[in-house]
Amino acid sequence: MKVEAVIDRFTEQRQAVVLAETIGKEFFIDQAKLPEGAVRGDYLNLELDKNDQVVNIVINQEKTMERKKSVQAKLAQLRQKSTGSKFRRD
Numbered sequence: 075m076k077v078e079a080v081i082d083r084f085t086e087q088r089q090a091v092v093l094a095e096t097i098g099k100e101f102f103i104d105q106a107k108l109p110e111g112a113v114r115g116d117y118l119n120l121e122l123d124k125n126d127q128v129v130n131i132v133i134n135q136e137k138t139m140e141r142k143k144s145v146q147a148k149l150a151q152l153r154q155k156s157t158g159s160k161f162r163r164d
């Protein structure tokens, strides 16, 4: 089975916490098994076996870039609306 997932965070044990929201599962994957250059926030295409064990991982570049652009656009929009702090400096 193939599922889409996102790298949520990295643990102190050098594992990536990967969330597959479509199937409601969380995977702990050794950083060494991730594709080279994978970072927090990257979207992945996971291939799972019958026992829901990860057998193949590929970075979904298109989805990752789409999400990063979306976040950047939202941040820019928030910055435009900002009128500065309501607190005065003495």
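Plus 74 on top of the position in the sequence shown (first one is 1) and you've got the working numbering. By construction, the Cβ of each residue, glycine as well, lies at the ideal position given by its N, Cα and C atoms.
Please state if the CB of residue 92 and the CB of residue 106 are separated by a distance shorter than 8 Å. No Cβ-Cβ contact shorter than 8 Å links residue 106 with residue 92.
Figure out for me which residue from 90, 114, 110 and 126 has the closest Cα to the Cα of residue 98. Cα-wise, what sits closest to residue 98 is 126.
Between the C-alpha atoms of residue 162 and residue 145, what's the straight-line distance to the nearest angstrom? Rounded to the nearest whole angstrom, the CA to CA distance from residue 162 to residue 145 is 30 Å.
Taking residue 128 as the reference, which of 104, 157, 134 and 142 has the closest Cα? From the listed residues 104, 157, 134 and 142, the smallest Cα separation to residue 128 is found for 104.
Cross-strand partners of residue 83 (DSSP beta bridge): Residue 83 pairs with 91.
Considering only C-alpha positions, which residue in the set 96, 147, 77 and 108 is nearest to residue 83? Comparing Cα-Cα distances from residue 83 to each of 96, 147, 77 and 108, the minimum goes to 108.
Around the Cβ of residue 123, are there at least 16 other Cβ atoms within 10 angstroms (buried) or fewer (exposed)? Its Cβ having fewer than 16 others within 10 Å, residue 123 is exposed.
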